[in-house]
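Asks: After the structure tokens below, expect a handful of questions from me.
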Amino acid sequence: MSIRVLNPNAEVLNKSAALHMNINAAKGLQDVLKSNLGPKGTIKMLVGGAGDIKLTKDGNTLLKEMQIQNPTAIMIARTAVAQDDISGDGTTSTVIFIGELMKQSERCIDEATLQFLEKFKTPVVMGNEPDKEILKMVARTTLRTKLYEALADQLTDIVVNAVLCIRKPEEAIDLFMVEIMHMRHKFDVDTRLVEGLVLDHGSRHPDMKRRAENCYILTCNVSLEYEKSEVNAGFFYSNAEQREAMVAAERRQVDERVNKIIELKNKVCSGNDNNFVVINQKGIDPPSLDLLARAGIIALRRAKRRNMERLVLACGGEAVNSVDDLTPDSLGWAGLVYEHILGEEKYTFVENVKNPYSCTILIKGPNDHTIAQIKDAVRDGLRAVKNTIEDESVVLGAGAFEVAARQYLINEVKKTVQGRAQLGVEAFANALLVVPKTLAENSGLDTQDVIIALTGEHDQGNIVGLNQHTGEPIDPQMEGIFDNYSVKRQIINSGPVIASQLLLVDEVIRAGRNMRKPN
Amino acid sequence: MKEIVTVQVGGFANFVGSHFWNFQDELLGLASDPSGDPVFKNDALNMDVLYRTGETQQGTLTYTPRLLSVNFQGSLGSMSSFGTLYNEVASTPPDVLTWTGNVSTHASEPRKRNLFLQRLYEEERDSLTQENAINGGKNKPQRETEDEDIVEYLENGVQYWTDFSKVHYHPQSLYEMSGLWMSVQEFDSYGIGRDTSWALREEISERLRFFVEECDHVQGFQFIVNDSGGFSSVGADFLENIADEYTNTPVLLYAVKDPGSHMIPKSQKQVVSKNLHDAISFSRLSSFCKLIVPVGLPSLRRSKASAFLCVEDEKPYHCSAVYASALHAISLPFRMEPLGPSADSCYFSGAVDIHGVVEILAGQARQNRVTILDVAMPAPSLTGKQVEQSFLGNLQTLTPEISEDVEDLQAVESMTIHGALGSGGHRALVSEVKNMVRAAYENATTRPRFCNLSVALCPLPIPLPFPKIFGNLVGQHGELLGSPVDSPLRGSLDVHSIPLAARLRSSSAVLPFLENRLGNIRRLGIQQGAAGAEIVRNLGYGKDELEDMGETLSKMVLELDPYSQMSSDSD
Numbered sequence: 001m002s003i004r005v006l007n008p009n010a011e012v013l014n015k016s017a018a019l020h021m022n023i024n025a026a027k028g029l030q031d032v033l034k035s036n037l038g039p040k041g042t043i044k045m046l047v048g049g050a051g052d053i054k055l056t057k058d059g060n061t062l063l064k065e066m067q068i069q070n071p072t073a074i075m076i077a078r079t080a081v082a083q084d085d086i087s088g089d090g091t092t093s094t095v096i097f098i099g100e101l102m103k104q105s106e107r108c109i110d111e112a113t114l115q116f117l118e119k120f121k122t123p124v125v126m127g128n129e130p131d132k133e134i135l136k137m138v139a140r141t142t143l144r145t146k147l148y149e150a151l152a153d154q155l156t157d158i159v160v161n162a163v164l165c166i167r168k169p170e171e172a173i174d175l176f177m178v179e180i181m182h183m184r185h186k187f188d189v190d191t192r193l194v195e196g197l198v199l200d201h202g203s204r205h206p207d208m209k210r211r212a213e214n215c216y217i218l219t220c221n222v223s224l225e226y227e228k229s230e231v232n233a234g235f236f237y238s239n240a241e242q243r244e245a246m247v248a249a250e251r252r253q254v255d256e257r258v259n260k261i262i263e264l265k266n267k268v269c270s271g272n273d274n275n276f277v278v279i280n281q282k283g284i285d286p287p288s289l290d291l292l293a294r295a296g297i298i299a300l301r302r303a304k305r306r307n308m309e310r311l312v313l314a315c316g317g318e319a320v321n322s323v324d325d326l327t328p329d330s331l332g333w334a335g336l337v338y339e340h341i342l343g344e345e346k347y348t349f350v351e352n353v354k355n356p357y358s359c360t361i362l363i364k365g366p367n368d369h370t371i372a373q374i375k376d377a378v379r380d381g382l383r384a385v386k387n388t389i390e391d392e393s394v395v396l397g398a399g400a401f402e403v404a405a406r407q408y409l410i411n412e413v414k415k416t417v418q419g420r421a422q423l424g425v426e427a428f429a430n431a432l433l434v435v436p437k438t439l440a441e442n443s444g445l446d447t448q449d450v451i452i453a454l455t456g457e458h459d460q461g462n463i464v465g466l467n468q469h470t471g472e473p474i475d476p477q478m479e480g481i482f483d484n485y486s487v488k489r490q491i492i493n494s495g496p497v498i499a500s501q502l503l504l505v506d507e508v509i510r511a512g513r514n515m516r517k518p519n
Numbered sequence: 001m002k003e004i005v006t007v008q009v010g011g012f013a014n015f016v017g018s019h020f021w022n023f024q025d026e027l028l029g030l031a032s033d034p035s036g037d038p039v040f041k042n043d044a045l046n047m048d049v050l051y052r053t054g055e056t057q058q059g060t061l062t063y064t065p066r067l068l069s070v071n072f073q074g075s076l077g078s079m080s081s082f083g084t085l086y087n088e089v090a091s092t093p094p095d096v097l098t099w100t101g102n103v104s105t106h107a108s109e110p111r112k113r114n115l116f117l118q119r120l121y122e123e124e125r126d127s128l129t130q131e132n133a134i135n136g137g138k139n140k141p142q143r144e145t146e147d148e149d150i151v152e153y154l155e156n157g158v159q160y161w162t163d164f165s166k167v168h169y170h171p172q173s174l175y176e177m178s179g180l181w182m183s184v185q186e187f188d189s190y191g192i193g194r195d196t197s198w199a200l201r202e203e204i205s206e207r208l209r210f211f212v213e214e215c216d217h218v219q220g221f222q223f224i225v226n227d228s229g230g231f232s233s234v235g236a237d238f239l240e241n242i243a244d245e246y247t248n249t250p251v252l253l254y255a256v257k258d259p260g261s262h263m264i265p266k267s268q269k270q271v272v273s274k275n276l277h278d279a280i281s282f283s284r285l286s287s288f289c290k291l292i293v294p295v296g297l298p299s300l301r302r303s304k305a306s307a308f309l310c311v312e313d314e315k316p317y318h319c320s321a322v323y324a325s326a327l328h329a330i331s332l333p334f335r336m337e338p339l340g341p342s343a344d345s346c347y348f349s350g351a352v353d354i355h356g357v358v359e360i361l362a363g364q365a366r367q368n369r370v371t372i373l374d375v376a377m378p379a380p381s382l383t384g385k386q387v388e389q390s391f392l393g394n395l396q397t398l399t400p401e402i403s404e405d406v407e408d409l410q411a412v413e414s415m416t417i418h419g420a421l422g423s424g425g426h427r428a429l430v431s432e433v434k435n436m437v438r439a440a441y442e443n444a445t446t447r448p449r450f451c452n453l454s455v456a457l458c459p460l461p462i463p464l465p466f467p468k469i470f471g472n473l474v475g476q477h478g479e480l481l482g483s484p485v486d487s488p489l490r491g492s493l494d495v496h497s498i499p500l501a502a503r504l505r506s507s508s509a510v511l512p513f514l515e516n517r518l519g520n521i522r523r524l525g526i527q528q529g530a531a532g533a534e535i536v537r538n539l540g541y542g543k544d545e546l547e548d549m550g551e552t553l554s555k556m557v558l559e560l561d562p563y564s565q566m567s568s569d570s571d
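Going down the list, the protein sequences come from chains A and B.
Quick note: the first sequence uses the UniProt record's numbering, first residue 1, plus one each step.
Quick note: the second sequence uses the UniProt record's numbering, first residue 1, plus one each step.
What follows is the structure, encoded as structure tokens:
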């Protein structure tokens, strides 16, 4: 109450109104995101005021595009986006789950559910050769919720192969080593995996080759452009000759660096028809490009910082920071390097590499919003594969886990608690059902029938999920519908926490600059 | 040719930038206009320094600013973030190629183009049809009245910086930050800017790389950032990244403040918060650039800089126009083609690149990175003896919190005068201007140690969307009239071009600016039981970091005043 005294102008909502406001906010978000869930959900096309288009079926993307004002809604949205940051998927589930929890207006017992999740999960042995089929099933489950089936199935192979390509035994998977590149192409919708790299720039000299086979790759971070020296070399020259002499001397240093590269090229390429490609993180100015072109070298400047790492993983060799200690050992290798030009955009493909630990997923699409949507889906797919490898387990999907968890809570856990807490367990259990319910709703099925059918099967001890086409129960294991263990775990972890925190709010005080104008 | 990449971060920075690019666009237009003033038609200024040539997928050639603009989602008004040139012809309704299930469309209310943008759009369409049917000048009288409507409309209707922009932008240029879920007022906090996601920073630097990769030899970055609120920290992070990635490329940083951010805070807490904010923001920004120019007076209207102007402080559209004019003048020498040390063109003299300006101002005996921006808008005509006496007095500062009349023998200056008028309303020759400035300095009581002078013949063109801010003493070509004309406010329809003088000054006059910030950081942040300790914690800074900032600031003070009291009182 002391706060009210301090600021008499602040609006104060009392306990019931505060609860109401929070529940409404959660419900509002749930309503918006609900229709996204599952392979039968609705894709959303967002058209901005200036005609910009965004396509999304991803809860994370949708949330980021929304202009959320309500503080409670922002809290929920933040939780959901954090979910995406951690596990790459499950945003929509988080939001609708929180919404449902809030509606059920109870808090407690995620512990029991988590324990159940541990029991329920299907362990997958990864070992040295991960089971590709399981990975594909997980990837397909998530991709099919974002893209239509044929496209999702095509991408499934790509994302699984991409992750397996960059996977090193005994090391955490770094998904940044999968570059996602896009091209805007008039008629083409196509995605392919390039074992190697695609860079979004080309050489800047007309005489350099546009296509070369059997290439040595020099990855370097050396400035090959004339820069005024940092040292205060005196600003004033007494005459023009002195100035010229100084410029020439500084220029000579750059030329020497270029010549060292040319020397190395001559050393490794003499007597064979191999080629030499320089990919530099720093700049290369026209005189240096000239020198390199005359020596038959292809040179790219200002490569992405992250690509320097990827190049070395894909082609071998090492990234050099100085040309003083150049040896043939620092060179990488690629079977084919070629340039592709689309309008003002240039792409350089570095392909046929020996032991790729880095690869590129190349997305072609007719417009930016299609590309952006495929990109989001590919990211989710990659994360799903990575999670599976790292979790070493998966969870049966199609709503099977949620129904099973509910059964467990009602039949086992409820009996172990006393008094009012029983109601809490029941509420929590029922909140879990929102996933199969929404899946059914989005498929145009009767939610009551579906839930009765599913719980009936579970009572008989059959673990089933929902067939979205027929509304019949199916065995997710047979159909290959698997969700990530870490995604489910995260949802159960964060949903009740945020919900219970919001429910603890007794009073909402709105104060501040724009106090009297809501919006 | 040495390219410049321009970066604009924040709302007001983009207002300034929008005016800046309007000037460039006007210059390009006047140069290609067969009936235009010949003074604009020389190749002395190399626009390729600021612009890039490109090609759309349809094969149309484009010429767009080498610019990266960062702002809020929704701050582009009716402009699409893909710019205007590279759009494919919209197929309505666009088909969804990735989903066979249901599609729900959520369209926001289309934002209508305002009168001015409508007119640009129509002109573009007309110019396409006119190539087939030659009938120019038929509906001219009708246009005249429309011009006035447009100017009138812009005076009151400008909401977004795109409302008065007549430039085509490249799709990579306009970046909107999404997923922040907060209003502009809420973003007005340094700490919040620090929280912006890492993916966002990656995306910004990726876009910058796109522009830099094309450059054969980038001479530097021209960076305009809002020196308040969250954008300042977004800008600082970005600058840190640039300093890391393009180590030897100089950054010329304009830290702009819109007059709104000078609002008198209501409570003691707000005062503390604002002061700390300014200090932290300045210290962070200045540490990642070669030269920082604080721009933005608390009240431009009442300042001496607007002696011949009537600026309304509450309109960013007005204030940004003045600042943009000064920035334009400063950027002229970067675009002059150097002819060798001794040769001089009759159109300009004093070519120098960003690196050169940095060397002149910050690389001499005193390594002072903070410079003052002065402007004379419009610059006086070079008539009679008295201009030699009064010319320097016309240059008035746009940098806040500096002391006047400081005698600083170590001061260094870099001045640009362009389009100056001589006797009888003719353009003064380059040599006349040079002689006048020399005489002016000889007559002055205090002289800087060194002054670099750049002169161009070409005046500042006033494009149609320029605000009505000229007073009634400014003539059609920016000459100062003896007696006031009737209309109290004159805009782009009455004034076609103005001569301008702008100056960057490295002088100890900036000491109060630095000392205020140093004092604030010590008093409010570092001291035992400081009033702002809580705020600092909320911003996510530890005491060590704050002490480092204090250290940086006190070094800057020491550089200018070796005997400063401030520098030694740290316990």
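Just so you know, even glycine gets a beta-carbon here, dropped at the ideal spot from N, CA and C.
Does the beta-carbon distance from B/Glu479 to B/Phe450 come in below 9 angstroms?
Replies: Cβ distance not < 9 angstroms, so B/Glu479 and B/Phe450 don't count as in contact.
Asks: Need the endpoints of the beta strand (DSSP E) that B/His106 sits in, please.
Replies: Per DSSP, B/His106 belongs to the beta strand (DSSP E) from 103 to 107.
Asks: Residues in the same chain with beta-carbon distance under 7 angstroms from A/Ser393, minus the five sequence neighbours each way, listed in chain order, please.
Replies: Once the five neighbours on either side are set aside, the close Cβ partners of A/Ser393 are Lys121, Thr122, Pro123, Val124, Tyr485.
Asks: Tell me, please, which residues DSSP counts as bridged to B/Asp374.
Replies: Beta-bridge pairing links B/Asp374 to B/Thr397, B/Arg503.
Asks: Rounded to whole angstroms, what is the Cα-Cα separation between A/Ser105 and A/Leu409?
Replies: At A/Ser105 the pLDDT is 41, less than 50, meaning the model places this residue with poor confidence; the figure from the coordinates comes in the next sentence. When rounded, the distance between both Cα atoms is 17 angstroms.
Asks: Secondary structure at A/Tyr408, three-state DSSP: helix, strand or coil?
Replies: Of the three classes helix, strand and coil, the one that applies to A/Tyr408 here is helix, per DSSP.
Asks: Tell me, which residues are paired with B/Glu413 by DSSP?
Replies: DSSP output for B/Glu413 lists B/Cys451, B/Arg505 as bridge partner(s).
Asks: So, helix, strand or coil for B/Asn520, using DSSP?
Replies: Three-state result, B/Asn520: helix.
Asks: Does the structure place the segment 510 to 527 of chain B close enough to the segment 264 to 279 of chain B that three or more beta carbon pairs sit under 8 angstroms?
Replies: With the cut-off at 8 angstroms, the segment 264 to 279 of chain B and the segment 510 to 527 of chain B touch.
Asks: Taking buried to mean at least 16 other C-beta atoms within 10 Å of its own C-beta, is B/Met79 buried or exposed?
Replies: It counts as buried.
Asks: Report the CB separation of B/Val295 from B/Val357 in whole angstroms; it is logged as a contact under 8 angstroms.
Replies: Not really, about 16 angstroms apart at Cβ, beyond 8 angstroms.
Asks: Can you tell me the Cα-Cα spacing of A/Ala212 and A/Asn352, whole angstroms?
Replies: Approximately 12 angstroms between the Cα atoms of the pair.
Asks: Is it the case that the segment 242 to 252 of chain A contacts the segment 176 to 185 of chain A, given that we only count it when at least three CB pairs across the two stretches are under 8 angstroms?
Replies: Cβ pair count under 8 angstroms is below three, so no.
Asks: Using a Cβ cut-off of 9 angstroms (strictly closer), state whether A/Cys108 contacts chain B.
Replies: Annotation note: pLDDT 49 at A/Cys108 (below 50); position unreliable, coordinate value reported separately. Closer than 9 angstroms: no.
Asks: So which of B/Ser173, B/Asp244, B/Gly235, B/Leu239 has the shortest CA-CA distance to B/Phe210?
Replies: Checked all of B/Ser173, B/Asp244, B/Gly235, B/Leu239; the closest Cα to B/Phe210 is B/Ser173.
Asks: Along chain B, which residues have their Cβ under 8 angstroms away from the Cβ of A/Arg302?
Replies: Result: Arg209, Val212, Glu213.
Asks: Given this structure, state the Cα-to-Cα distance separating B/Tyr51 from B/Pro65, to the nearest angstrom.
Replies: Taking the straight line joining both Cα atoms gives about 4 angstroms.
Asks: So, with DSSP's three-state summary, where would you put A/Asp324?
Replies: Of the three classes helix, strand and coil, the one that applies to A/Asp324 here is coil, per DSSP.
Asks: With a cut-off of 9 angstroms, does the C-beta of A/His469 fall near any C-beta of chain B?
Replies: False, the Cβ-Cβ gap to chain B never drops below 9 angstroms.
Asks: At the 9 angstroms Cβ level, is B/Gln58 part of the contact set with chain A, yes or no?
Replies: True, the Cβ-Cβ gap to chain A drops below 9 angstroms.
Asks: Measure the C-alpha to C-alpha separation of A/Lys34 and B/Pro465 and round it to an integer number of angstroms.
Replies: For A/Lys34 and B/Pro465, the distance between alpha carbons rounds to 46 angstroms.
Asks: In the DSSP assignment, what residue or residues form a beta bridge with A/Ile74?
Replies: Note: A/Ile74 sits in no beta bridge, so no partner.
Asks: When you compare only the Cα positions, how much space is there between B/Glu314 and A/Ile76?
Replies: Roughly 37 angstroms between the two C-alpha positions.
Asks: I'd like the span of the beta strand (DSSP E) that includes residue 524 of chain A, first residue to last.
Replies: Residue 524 of chain A lies beyond the range of chain A shown here (1 to 519); nothing can be said about it.
Asks: Taking the beta strand (DSSP E) that B/Pro294 falls in, what are its first and last residues?
Replies: Element bounds for B/Pro294: 291 to 295.
Asks: Measure the alpha-carbon distance for A/Thr142 versus B/Leu27 and round it to whole angstroms.
Replies: Each residue's alpha carbon lies about 54 angstroms from the other.
Asks: Are the C-beta of A/Met246 and some C-beta of chain B separated by less than 9 angstroms?
Replies: So no, A/Met246 is outside the interface.
Asks: For the candidate residues B/Tyr160, B/Lys41, B/Thr98, B/Phe164, whose alpha-carbon lies nearest to that of B/Tyr121?
Replies: Taking only the C-alpha atoms, the option nearest B/Tyr121 is B/Phe164.
Asks: Pick helix, strand or coil for B/Arg335, following the three-state DSSP scheme.
Replies: Of the three classes helix, strand and coil, the one that applies to B/Arg335 here is helix, per DSSP.
Asks: Is the beta carbon of A/Asn275 sitting closer than 9 angstroms to the one on A/Gly296?
Replies: Yes. Within cutoff.
Asks: For B/Gln386, is the classification buried or exposed, using 16 other Cβ atoms within 10 angstroms of its Cβ as the cut-off for buried?
Replies: So B/Gln386 counts as exposed.
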